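See structure below.
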Amino acid sequence: MGKGSSALKQFSSFLAVVTILSFILSACSNDKESSDGSAAPSGNPSKDLHILLSHSNAKYAMQVKDNDPYIKELSKLSGYNLNFEFLGHGNDFTQQMTVRFASGDLPDLIRTDSIDSTMHPGALENGVFADLTDLLDKYGQHIKASIPEEAWKSPRVSKDGKIFGIPTLSALPASRVVYIRQDWLDKLGMDTPVTLDDYLAYFEAVKREDMNGNGDPNDEYGFYVRENLIYSNLFFTEFGAEPGTWYYRDGQLQPGIIQPEIKDSLKFWKQLYDKGYINPNLFTNKASDWEAGIKQGKAGLWVHDVTNYNSNWGLPEFYVNQEGAKVSMIQSPEGPKGHGLSAQGDQIYFVWVVPAANGKAEEAIKFLDWAWSQEADDFFALGIEGNNYKVENGKPVWSLEDPANKDNDASVFYQLSINPRGDGRMSDRVLDVIPNSEAIKGGIETALKDVYPNDGLHMPTLEAFKNRPELVPGTGAGTLFLDMFSKVITGKEPLEPAFDKFVAEWRRRGGDEAIREATDWYRAFHNQ
Amino acid sequence: MLRKFSASDSFMLWLIALPGVLFFLVFKYVPMLGNVIAFQDYNLFTGIAYSPWVGFKHFANMFTYEEFYHILTNTLLLSLYSLLFGFPAPLILALFLNEIRRAWFKRPVQTLLYLPHFLSWVIVGSIFINLLSYDGFLNTLLGKIGVRTVDYLTQPSYFRSILVGMSIWKEMGWGMIIYLAALSGINPNLYEAARVDGAGRFRQMRSITLPCLVPTIVVLFLLRVGNVLDSNVEQVMVMLNPLVSDVGEVIDTYVYRVGLLGAQFSYTTAIAIFKSLVGLLLVVGLNGLSRRTTGESIY
Amino acid sequence: MRPFRSFSLANTVLFTVLCLTMIAPLVHLAAVSLSAPVYANAKLVTFWPMGFQFGVYKTIAGMGNIWRSMGNSIYITVVGTGIALAFTSTLGYSLSRPNMKGKRWVLRGIVLTFIFSAPLVPSYLLVRSLGMENTLWALMIPNALNAFNVIIMKTFFQGISSEMFDAGKIDGCSEWGILWRIAVPLSAPVIATLALFHMVGQWNSYFSALIYIRDRDLQPMQVLLRSLIVEEEANNMIASSTDVASLMTPEMLKAGITLFATLPILIVYPFLQKYFVKGAMVGSLKE
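Protein chains in written order, with UniProt numbering: chain A, 1 to 528; chain B, 1 to 299; chain C, 1 to 287.
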């Protein structure tokens, strides 16, 4: 026991020293508290703005250092001493925001998803947010001019005619398109598919031939589907009902999942599954496997955003072992009852709120108004002159390949992360200078043509769903609809009875209640 | 006699324990009082003091939720399986490792065995998905000897076995460490005496090693039972798909999905309290049973 | 002794196979992290890199405050573990001694904290009111003690033969003296085990830093690394609202980050290992 105990004695005395040391050092680390954030000291405290937002998984924002050149430049341009505090993303953001609101210690400008967001339930009723209606009239000309009338009506922004939040806009009104392997179409001598039959013909050809040339004719699928039908909502609007969309029919606001038209979609999808036109692992195909499959050449077509053309899909070198791989962005098929990929949305990316207690509402609005002015256009599109772009012959020269823009996705930082207008990555000024500009502009137009109406636009989360996530319309994980859908498609249950049983079950469990609640909301909202 | 306890000993021991006891009071009990929000409609901005009291409303909501008994059953079954198969795995591993005598082999083996503990469930999930999917490694292998392809991931009958198997693979090496610590505390003289009596290796394992491990086993088992209604959400979510949701949805996945629809502090706290009460009941019951049978108890 | 030899052989083979299954994923991750993005994203890499390159590790090393964050992580791991062991061993010792009056109530109280947990908001408000918000203390103190470790410690102390303690008493040791001169030295294996458990917990901790730390200079490494790994959205309900910037993380970055975060722990382990292997050897080596 002799040896062991002496070694342990050493170990424990080491720990003791460390513990004592740490108590002494604590005095030092406490000093840190005061020097928080990146703002340089300024002469005028009313020009200090502390902004709380999410890094949204943008690389540069996640790693931003003190004295960041872009924040400095923005401070200089706007005349405000800006301090950006980036919180996490998704669920992390929700939790961080909740404790921040619980602490009562709030900055001057906060990014949230709605003025009555569940990240801070009750904030609006308790007067936490400043009423911005009058301030906007006084100081917000540029803001008012830039944001569509429709967005101000959203309950995410205003309540009872009073405006409590400033909406920021998504990059595009609609961004979903069908990506198709153009080189495969060419090889098959086929035209761009338009009707459902065209699509089926393409799927059949893809199934029959060894399109990716790896010697196995059976590892290509016409339509490559991702789990929970994420980015896979084809062949629904074509038959007249999209699961997650609301329809005002027979005096009631009803979700797509219970419309009888869904039966036609189910029939079509079942055919796709039975004939091998879609990947049989569609219910377990995770995002990374889905992307890998496409890049291995397993997919004839898939659904995704125009915005990802340059980063994920558009270039031949993204695809492995496939000479001359080429994609096109096309419209969704024309079905017997229409078409469409993106539900009509409010276009709001997120919402700025201003805590009333800080007394900074006027300055915050003035700052945002400056951000929406033409003066700020260049910075939020091209970055810092001399660093990110040059001006030659009066025209800006900007390149995505320039390390100043490319490293750590720096361009995303000034176009999106610290851009108070929202997502500027697809603004006109940016579109003019990025590679494949024509293809992307075409894709944007295509996406716009695939917007379909949604009577549930602006509807908040229904009370009826709050304890019953399995009733939420759409194809989300854990929903009754997706359960039924998967069982019908794979042939575990017969279509008609399974669908009827699902509808009855959904209504009985609280769906009827939800429809009542939704209808009341619809009438109240549209009679305003 | 030495057995006499003096009052000053007790005082001294309390003094030694004081920092720890205070810690539990301040850092565990004070925030634990926050659980009263299960009986309120908690409002973040007015705080506990001014939030309205609603009695057992949230508990009633939970018990009247249609799927509740279904997910409770799923949770219990999954827990039971992992207790039955997952709990003994590290113990067996430790016993077998203990029989290896070459130190140059034993040490690296020990290190390698716990490696998977450091992989996230997402990574482990993708490994098992690649192994078990319809075109995965296992099916390719079995296909060569003529076995029909089965998509193991979408078969409800395999779901729990896959989950338990994954956990065993990932965590048994890590769980083994604590048993190794216990093994090293066994007095070598006991083995010496047994050998003199002519006991073989297996006999020694049965009559010395195992009995010496009983206190550790009992404590680990009782603590495990305390969390019987907890599942590993991350793991379950990775492996869950609509074709196995009948057996796969558990209380924790439900709480996760409710959370997505909004922060319902009071409701989710009520569910947590229910889970804890069930755990408490089991711990108290089994602890009493263990005290009577093995003489071991955790309090 | 004959049948025993074949058991020994089977045992060795069994452990070899087991170890291979456990090291394979790490070799795979290493290969992926060293591959060119195009092959990694198409998931074509198995155990050998394709289009060999070091880019991922350059990216990680060049990340914002990565070295400072690593310093923070080391600090909270070392100091946090020291604090935790000091608290755990003293409390565990007292509770293991038969002469502490009322210890059953203390134990019951501790077990209760194992079963019931505290909601997030009150925990946060407590840390805040103690002035620990935005200091590294918030990452070390609130989780210094947990019921599991205390009860394990107590169980091991109880396993030490009471004759040892009695002998200490005769020599005139106080309870404090017995703790340091007899109980702790005899419990090297369990102390090393709990140290390991706590260290790994501290090193990997992420959530408390998200909640309690605002200052970028005080972030531990895991916050930085984990934020780079975009997990696929579990549910498309939330995907639309907050998720415009996120794409899937390239596979090789994910792999590189996992390895980078795990490596330090793997290096430290062998140093702790000797404390429990040595003891275990005593029983089996003497043939």
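Heads up, the beta-carbon is just placed ideally off N, CA and C, and yes, glycines get one too. Just so you know, these numbers come straight off a predicted model, no measurement behind them.
- Here DSSP, grouped into helix, strand and coil, assigns glutamine 271 of chain A to helix.
- Listed in chain order, the alpha helix (DSSP H) elements of length 4 or more contained wholly in the stretch 63-148 of chain B are 68-81, 88-98, 103-113, 121-132, 137-144.
- Counting only residues of its own chain and dropping the five nearest sequence neighbours on each side, tyrosine 277 of chain A has a CB closer than 7 Å to the CB of Phe203, Lys207, Tyr221, Gly222, Phe223.
- If the five residues before and after glycine 136 of chain B are omitted, its C-beta is found closer than 7 Å to the C-beta atoms of Asn130, all from its own chain and listed in chain order.
- Neighbours of serine 133 of chain B in chain A, taken as residues whose beta carbon is under 8 Å from its own, are Asn281, Thr284 in chain order.
- Excluding sequence positions up to five before and after glutamate 385 of chain A, its CB lies within less than 7 Å of the CB of Val391, all in the same chain and listed in chain order.
- By the criterion of at least three beta-carbon pairs nearer than 8 Å, the stretch 44-55 of chain B is not in contact with the stretch 180-200 of chain B.
- Look at histidine 58 of chain B here: in three-state DSSP terms it is helix.
- At the C-beta level, tyrosine 139 of chain A and tryptophan 302 of chain A stay beyond 8 Å of one another.
- Across the set A:Pro403, A:Ser328, A:Trp398, the C-alpha of A:Trp398 shows the shortest separation from the C-alpha of aspartate 432 of chain A.
- Lysine 159 of chain A sits in a strand when the DSSP states are folded into three classes.
- Taking the Cα positions, valine 164 of chain B is about 13 Å away from threonine 75 of chain B.
- Around the beta carbon of isoleucine 145 of chain B, a 10 Å sphere encloses fewer than 16 other beta carbons of the protein chains shown; the residue is thus reported as exposed.
- Burial check for proline 45 of chain A: the Cβ neighbour count within 10 Å stays below 16, so the residue is exposed.
- Around glutamine 110 of chain B, the same chain offers no residue with a beta carbon nearer than 6 Å, after the five sequence neighbours per side are excluded.
- At a Cβ-Cβ threshold of 8 Å, valine 122 of chain B and proline 116 of chain B do not count as neighbours.
- For isoleucine 265 of chain C, the C-beta contacts it makes with chain B under 8 Å involve Phe118, in order along the chain.
- The C-alpha of proline 185 of chain C is placed about 29 Å away from the C-alpha of arginine 291 of chain B.
- Following the DSSP letters along the chain, one finds valine 353 of chain A inside the beta strand (DSSP E) bounded by residues 348-353.
- In this structure, DSSP gives serine 161 of chain C a state outside helix and strand, which the three-state scheme calls coil.
- Membership of methionine 329 of chain A in the beta strand (DSSP E) is indicated by the continuous run 327-330.
- For tyrosine 158 of chain B, the closest Cβ of chain A is not nearer than 8 Å.
- For aspartate 450 of chain A, there is no enclosing beta strand (DSSP E), as DSSP marks it with neither H nor E.
- Relative to phenylalanine 274 of chain B, the option among B:Leu289, B:Asp252, B:Gly285 whose CA is nearest is B:Asp252.
- Residue-level contact by beta carbon fails for glutamine 331 of chain A and chain C, as no gap is shorter than 8 Å.
- Excluding the 5 residues flanking it on each side, glutamate 234 of chain B has same chain C-beta neighbours closer than 7 Å at Trp121, in chain order.
- For glutamine 235 of chain B, the closest Cβ of chain C is not nearer than 8 Å.
- Close CB contacts of phenylalanine 128 of chain B within its chain, under the 6 Å cut and outside five residues either way in sequence, are with Met166 (chain order).
- When CB distances to chain C are screened at a threshold of 8 Å, the residues of the stretch 21-41 of chain B falling below it are Val21, Phe23, Phe24, Val26, Phe27, Lys28, Tyr29, Val30, Pro31, Met32, Leu33, Gly34, Asn35, Ile37, in chain order.
- Around the beta carbon of aspartate 423 of chain A, 16 or more other beta carbons sit within 10 angstroms, so the residue counts as buried.
- With respect to proline 355 of chain A, isoleucine 110 of chain A sits close: the two C-beta atoms are nearer than 8 Å.
- Under the Cβ criterion (8 Å, minimum of three pairs), the stretch 140-149 of chain A does not count as touching the stretch 266-275 of chain A.
- Rounded to the nearest whole angstrom, the CA to CA distance from leucine 119 of chain B to leucine 224 of chain C is 17 Å.
- Not flagged as an interface residue toward chain C: valine 488 of chain A, since no C-beta distance is shorter than 8 Å.
- Neighbours of lysine 101 of chain C in chain B, taken as residues at a C-beta separation under 7 Å, are given in chain order as Ser10.
- Distance from the Cα of serine 328 of chain A is smallest, within the candidate group A:Asp512, A:Asp183, A:Arg249, A:Asn387, for A:Asp183.
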